[in-house]
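J.:
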Amino acid sequence: MQAQNAPRVSWIFPGASAAPNPSKLAGSEESDPGYVEVRKIGEISANKISSASGSGSRRCEMSPEEFAKFYPPLLDWIQTTLTASAHVAQTIASRGFSRLPLYFTEKTLASTKVVLVDPLPMPPLSSLGLMRFAEFERGNFDGITYIDTIFLKPTRSNNENIYFHELVHVIQWRLLGPDRFLLSYANGLECFGYRQSPLEAMAYDAETSFASSTTSFNVEKMVAEKLGL
Ligand SMILES: [Zn+2]
Numbered sequence: 145m146q147a148q149n150a151p152r153v154s155w156i157f158p159g160a161s162a163a164p165n166p167s168k169l170a171g172s173e174e175s176d177p178g179y180v181e182v183r184k185i186g187e188i189s190a191n192k193i194s195s196a197s198g199s200g201s202r203r204c205e206m207s208p209e210e211f212a213k214f215y216p217p218l219l220d221w222i223q224t225t226l227t228a229s230a231h232v233a234q235t236i237a238s239r240g241f242s243r244l245p246l247y248f249t250e251k252t253l254a255s256t257k258v259v260l261v262d263p264l265p266m267p268p269l270s271s272l273g274l275m276r277f278a279e280f281e282r283g284n285f286d287g288i289t290y291i292d293t294i295f296l297k298p299t300r301s302n303n304e305n306i307y308f309h310e311l312v313h314v315i316q317w318r319l320l321g322p323d324r325f326l327l328s329y330a331n332g333l334e335c336f337g338y339r340q341s342p343l344e345a346m347a348y349d350a351e352t353s354f355a356s357s358t359t360s361f362n363v364e365k366m367v368a369e370k371l372g373l
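Going by our numbering, 229 is the number at position 85 of the sequence shown; the sequence numbering is gapless.
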């Protein structure tokens, strides 16, 4: 996701199910108020949602129970949104950018789509009961990615840097799968804020490299390595 005049977002919640939490095991979750565990992005892969037990290990993380409640309707909303816009979606390959093919595979550029639209479709997080994400929901972004489709403001339709950034999120979605992507994104947003959330920081750092140097690199490999996959 890309914030307008500010950073861009995507959704990752670093693991709902972190490694065993001593305080939780001891039944003293409340004993570490305010402590935010800084996890490396690479640990996301180890945090299998299915292996989560008990409630969230940190106050900034969503509990597996809460995630299980909001994930199905959110995924439904995403799928409905993608279906509704399918008729106006174009492939990234069809946009004819010259540098993207040096960083992403032909297959990725042919399978990823872009929808130019304003306003961008934002997930109904508060109506799903996730009031703490209301600010995010109201955020002014230039772009946002759902699974394999990038939604962009028409005014940004020729900005290759933004496509690059959102394509990093496409790779994240693909490698993590929708469940781990959404959980990691939500937890990252809650624990670190939009710009410093692990999945966004990864996209912004890569975008900076893309914008400031012509030395190409394999983004798909880079994302996999940073996710520890
Ligand atoms: Zn982003």
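A virtual CB, placed ideally from N, CA and C, is assigned to each residue, including glycine.
How many Å lie between L333 and A345 at the Cα?
T.: Straight-line Cα distance between these residues: approximately 11 Å.
J.: List the DSSP bridge partners of T289.
T.: DSSP, once it has assigned bridges, lists I294 as partnering T289.
J.: What is the residue span of the alpha helix (DSSP H) that V259 lies within?
T.: Looking at the DSSP string, V259 is not in any alpha helix (DSSP H); the run it does join, the beta strand (DSSP E), is 257-260.
J.: Provide the residue span of the alpha helix (DSSP H) that contains G321, from first to last.
T.: Start and end: 304-336.
J.: Where Y307 and K257 are concerned, what is the direct C-alpha to C-alpha distance, given to the nearest angstrom?
T.: Each residue's Cα considered, the two are about 10 Å apart.
J.: Could you name the residues of the same chain whose beta carbon sits closer than 6 Å to that of S360, not counting the 5 residues immediately before and after it, in chain order?
T.: Excluding positions up to five away in sequence, the list reads L246, Y247.
J.: Would a C-beta distance cut-off of 7 Å place F277 and L269 closer than the cut-off?
T.: Going by C-beta atoms, F277 is nearer than 7 Å to L269.
J.: Straight-line CA distance for S357 to A147?
T.: Distance between the alpha carbons of S357 and A147 is about 22 Å.
J.: By Cβ distance below 8 Å, which residues in the same chain neighbour N305 in space, the five residues on each side in sequence not counted?
T.: These residues qualify, in order along the chain: E351, F354, A355.
J.: Nearest to T299 by CA position, among R243, V261, F214, N362, is which residue?
T.: Closest by alpha carbon: V261.
J.: Checking 7 Å against the spacing of the C-beta atoms, do V312 and A368 come in under that value?
T.: For V312 and A368, no; Cβs fall outside 7 Å.
J.: Any heavy atom of ligand 1 closer than 6 Å to the CB of E344?
T.: Within the cutoff, so yes.
J.: Extract the residue ranges of the alpha helix (DSSP H) inside the region 335-366, only unbroken runs of 4 or more that lie entirely within it.
T.: You should have 342-356.
J.: Compute every distance between the C-beta of M266 and the non-hydrogen atoms of ligand 1, then say whether any falls below 6 Å.
T.: Not so, every heavy atom of ligand 1 lies at least 6 Å from the Cβ.
J.: Starting from F211, trace the alpha helix (DSSP H) both ways and give me its first and last residue.
T.: Looking at the DSSP string, the run of the alpha helix (DSSP H) that includes F211 is 208-229.
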